[in-house]
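The next block holds one structure in the form of structure tokens; read it before the comments.
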Amino acid sequence: MWSVKSDVSVSIAILASGRGSNFWAIHQAIEANELQARIVAVVSDQKDALVLSRAQQAQVPAFCVPWPDRKLFSSSSELRADHEQRVLKALEPFAPRFLVLAGYMRILSPLLIEAFRSECGYSRIVNIHPSLLPAFCGVHSYAQAFHYGVKWTGVTVHFVESAVDTGPICAQEVFPISDCQTPEEVEKRGLEIEHRLFPETLKWLLPEQFRLETRAEGRICVCPN
Ligand code: GRF
993 MWSVKSDVSV SIAILASGRG SNFWAIHQAI EANELQARIV AVVSDQKDAL
1043 VLSRAQQAQV PAFCVPWPDR KLFSSSSELR ADHEQRVLKA LEPFAPRFLV
1093 LAGYMRILSP LLIEAFRSEC GYSRIVNIHP SLLPAFCGVH SYAQAFHYGV
1143 KWTGVTVHFV ESAVDTGPIC AQEVFPISDC QTPEEVEKRG LEIEHRLFPE
1193 TLKWLLPEQF RLETRAEGRI CVCPN
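Numbering (this note's numbering), first residue to last: 993 to 1217.
As structure tokens, this is what we get:
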């Protein structure tokens, strides 16, 4: 049977540093016509990242923009800006409307964030974080949750701003972990949720079908229509 893909799809570029299971989940959702989007490029900062071969398998243009030699820069902000300039240059021919971070292990600088800033104020850069933000920011969040001994943790999809893991929250899902014996068990449970929640959230985020509410201290709350 022919499957007719809608042409009302939003172009996205995926930035990832590792194995790319979230890239694959998004790709699958698009292939199944559950998500109207086009992955126009996959960019990694790691030349051996599994995500690059997964992207080739999916016939999506994929390339590495390597992290520069630290010694050439006097500050980490200069180094980050240099890398982001090269990422932007590489993405230019693909003109993505959104950037989707799927396991991208770099902090973004204002350069990239401003390049994707929308007229409504949010940046069209979305990330998936493996905890119930604002708890367990940073890296190894499933392990952090396990070792802290919390009974529940979760997954968050959020817009990206320069301060790490602080951008407006778009979607969250919680899951119990009190019966998990290892951090790996927590991660396995979390990834299953990520692979469903990320494409589900992109479904309404990419066509920008949401409203923004300002809460105390200027925090923005993203509410799907
Ligand atoms: C995921 O747990 C994601 O939440 C986090 O990094 C991991 C990436 O996994 N930001 P993968 O590369 O998509 O398999």
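Beta carbons are placed, not taken as given, at the ideal position from N, Cα and C, and that holds for glycine.
Treat the numbers as computed from the prediction; the structure is a model and nothing was measured.
Among residues of its own chain, excluding the 5 on either side of residue i, which ones have a beta-carbon nearer than 8 Å to its beta-carbon?
i	result
Ala-1041	Ala-1008, Ser-1009, Gly-1010, Arg-1011, Gly-1012, Cys-1056
Excluding sequence positions up to five away, which residues of its chain have a Cβ less than 6 Å from the Cβ of residue i?
i	result
Ser-1133	Pro-1122, Ser-1123
Lys-1195	Leu-1027
Val-996	Per-residue confidence for Val-996 stands at a pLDDT of 45, beneath the threshold of 50, marking its modelled position as unreliable; no derived number is given.
Ser-998	Here Ser-998 scores only 48 on pLDDT, less than 50, and its place in the model is too uncertain to base an answer on.
Arg-1072	Ser-1101
Met-993	Since pLDDT at Met-993 reaches only 41, below the 50 mark, its modelled position is unreliable, and no value is offered.
Ala-1047	Val-1034, Ala-1054
Please report the straight-line C-alpha distance between residue i and residue j, rounded to a whole angstrom.
i	j	result
Cys-1162	Ile-1120	10 Å
Ser-1045	Glu-1209	43 Å
Ala-1017	Glu-1192	10 Å
Ser-1170	Ala-1082	44 Å
Val-1156	Ile-1099	7 Å
Glu-1023	Ile-1004	14 Å
Ala-1225	Glu-1205	Because the chain in this structure spans residues 993 to 1217, residue 1225 falls outside the shown range and cannot be described.
Glu-1200	Val-1131	29 Å
Lys-1143	Phe-1167	9 Å
Val-1149	Ala-1137	17 Å
Lys-1080	Glu-1111	A quick correction: the sequence has Leu, not Lys, at residue 1080. Looking at the two C-alpha atoms, the distance is approximately 19 Å.
Pro-1060	Leu-1103	16 Å
Gln-1038	Arg-1062	15 Å
Arg-1203	Ile-1117	16 Å
Val-1147	Pro-1126	11 Å
Phe-1108	Val-1043	23 Å
Asn-1217	Leu-1198	13 Å
Counting along the chain, where does the beta strand (DSSP E) carrying residue i start and finish?
i	result
Arg-1116	No beta strand (DSSP E) holds Arg-1116; DSSP gives it neither H nor E.
Phe-1090	1090-1093
Phe-1138	Taken as a continuous stretch (DSSP letters only), Phe-1138 belongs to no beta strand (DSSP E), being part of the alpha helix (DSSP H) at 1133-1140.
Leu-1107	The sequence given here places Ala at residue 1107; Leu does not occur at that position. Run containing Ala-1107: none in the beta strand (DSSP E); it sits in the alpha helix (DSSP H), 1102-1107.
Ser-1003	1002-1007
Ser-1123	Taken as a continuous stretch (DSSP letters only), Ser-1123 belongs to no beta strand (DSSP E), as it is neither H nor E.
Return the first residue and the last residue of the alpha helix (DSSP H) that residue i is part of.
i	result
Glu-1153	Element bounds for Glu-1153: n/a, residue is neither H nor E.
Gln-1020	1013-1023
Val-1043	1042-1049
Leu-1183	1175-1197
Gln-1164	It is not in any alpha helix (DSSP H) - Gln-1164 instead sits in the beta strand (DSSP E) that spans 1161-1168.
Leu-1083	1068-1083
Only counting the same chain, and skipping five residues up and downstream in sequence, which positions put a Cβ closer than 7 Å to that of residue i?
i	result
Ala-1135	Pro-1175
Arg-1078	Val-1057
Residue i: which of the options sits nearest, CA to CA?
i	options	result
Pro-1053	Ala-1033, Phe-1065, Glu-1070	Ala-1033
Gln-1219	Ser-1066, Leu-1071, Tyr-1140	Outside the modelled stretch of the chain, which goes from 993 to 1217, sits residue 1219, for which no answer is possible.
Ser-1001	Phe-1015, Asp-1037, Ile-1031, Gln-1020	Ile-1031
Val-1214	Val-1035, Gln-1020, Lys-1063, Tyr-1114	Tyr-1114
Glu-1106	Asn-1217, Gln-1164, His-1019, Ser-1154	Ser-1154
Val-1178	Thr-1145, Phe-1151, Leu-1093	Thr-1145
Ile-1212	Ala-1094, Phe-1151, Gln-1164, Ile-1006	Phe-1151
Are three or more beta carbon pairs between the stretch 1175-1187 and the stretch 1086-1093 nearer than 8 Å? no
Between the stretch 1172-1185 and the stretch 1148-1163, are three or more C-beta pairs nearer than 8 Å? no
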